[in-house]
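Undergrad: This is the structure, below, for whatever I ask next.
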Ligand code: SF4
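Residue numbers (this note's numbering): 176 to 523.
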């Protein structure tokens, strides 16, 4: 579990006491953000940190010549007020789980975790975390959309809200709103082992907790600062025990001679620990990224060795050649269907 020592601005990402670091360098606050309750709560919580007032978050966040990887080691927090739009149509490279009206929203820009394969490195100039404080504006916009039609809303796609829970508990602020809008199906995707939300809230029919799992070797190599597999499994068990709907996300899956051997024992382990019948569904996707983000990451001075592998370009998306994907997918599918009905497995 990633836990937070609130008084000293330290975070223990692994929850096992062997890795701690300063959480934030400074806190930037937009002039317009001071009047919001979240801003006050955060500033009270981190009263020992330097606070710098700024006109607009983009003045800091969008500056050129920032070094994403260096900044990632010394992240600052930026409290800001979001302008429209608050909702975005779900991208084609993401699974919609059969929902035609698929949207995502971002209360946070960037993430406390540091996955080597994350497209955020190519998307933003800065690794600082922007936290939007005007939650009521998000609610109004989500409500307008969900009153027109049933909506599937991903709220934690390009960040980790459960991982961020001890810093700003966004899902607490939205819990009552989600409860009042049953036509809205909300997916909260996470790699975190933090169990606080599941232990303190009643499960709702329209909230799905989507746990991203990878073999431990992949976690160690590519998912820096995230909790180990066994910690995520513990969190899944707690969420299930508390009655939450749980999705398992096997995404991204890697194809290379080393990774190929990791998945079968990984699946065996996961389903020896978790009753597959209790899992809502499973999402499966190979490593993929937009060509622009991939190119931007490769221009940086540091990037993961997985960007050196050979990929194909298909409709502006870089991923493994289709024939590799089909072969490997067939093998994985054969194993996964030993545990789950095929109707419950969604792949891209
Ligand atoms: S947890 Fe997700 S959003 Fe966060 S760094 Fe990893 S891939 Fe990116």
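Virtual Cβ for every residue (Gly too), placed ideally from N, Cα, C.
In this text, all values refer to a predicted model and were calculated from it rather than measured experimentally.
If you draw a straight line from the alpha carbon of residue 379 to that of residue 358, how long is it in whole angstroms?
TA: 12 Å
Undergrad: Looking at the unbroken alpha helix (DSSP H) that takes in residue 337, where does it start and where does it end?
TA: Here residue 337 belongs to no alpha helix (DSSP H), and DSSP marks it neither H nor E.
Undergrad: Looking at C-alpha atoms only, which residue of 363, 466, 327, 366 is the closest neighbour of residue 492?
TA: 466
Undergrad: Do residue 461 and residue 430 have their C-beta atoms within less than 8 Å of each other?
TA: yes
Undergrad: From the DSSP output, read off the bridge partner residues of residue 492.
TA: 465, 489
Undergrad: Do residue 515 and residue 457 have their C-beta atoms within less than 8 Å of each other?
TA: yes
Undergrad: Mind listing, in chain order, the residues whose beta carbon lies closer than 6 Å to a non-hydrogen atom of the ligand SF4?
TA: 286, 288, 289, 290, 293, 295, 333, 334, 335, 366
Undergrad: Could you tell me if residue 421 is buried or exposed, where buried requires 16 or more neighbouring beta carbons within 10 angstroms of its beta carbon?
TA: buried
Undergrad: Between 203, 244, 222, which has its C-alpha nearest residue 232's C-alpha?
TA: Checked all of 203, 244, 222; the closest Cα to residue 232 is 203.
Undergrad: For the beta strand (DSSP E) holding residue 427, just list the boundary residues, first then last.
TA: 420-428
Undergrad: Residues in the same chain with beta-carbon distance under 7 Å from residue 519, minus the five sequence neighbours each way, listed in chain order, please.
TA: 456, 457
Undergrad: Nearest-angstrom Cα distance between residue 475 and residue 242?
TA: 8 Å
Undergrad: Exposed or buried, residue 270, counting other C-beta atoms within 10 Å across all chains shown (16 or more means buried)?
TA: buried
Undergrad: Could you compute how far the alpha carbon of residue 350 sits from the alpha carbon of residue 428?
TA: 31 Å
Undergrad: Report back the beta-carbon spacing between residue 255 and residue 307 to the nearest angstrom; my notes put them in contact at under 8 Å.
TA: 6 Å
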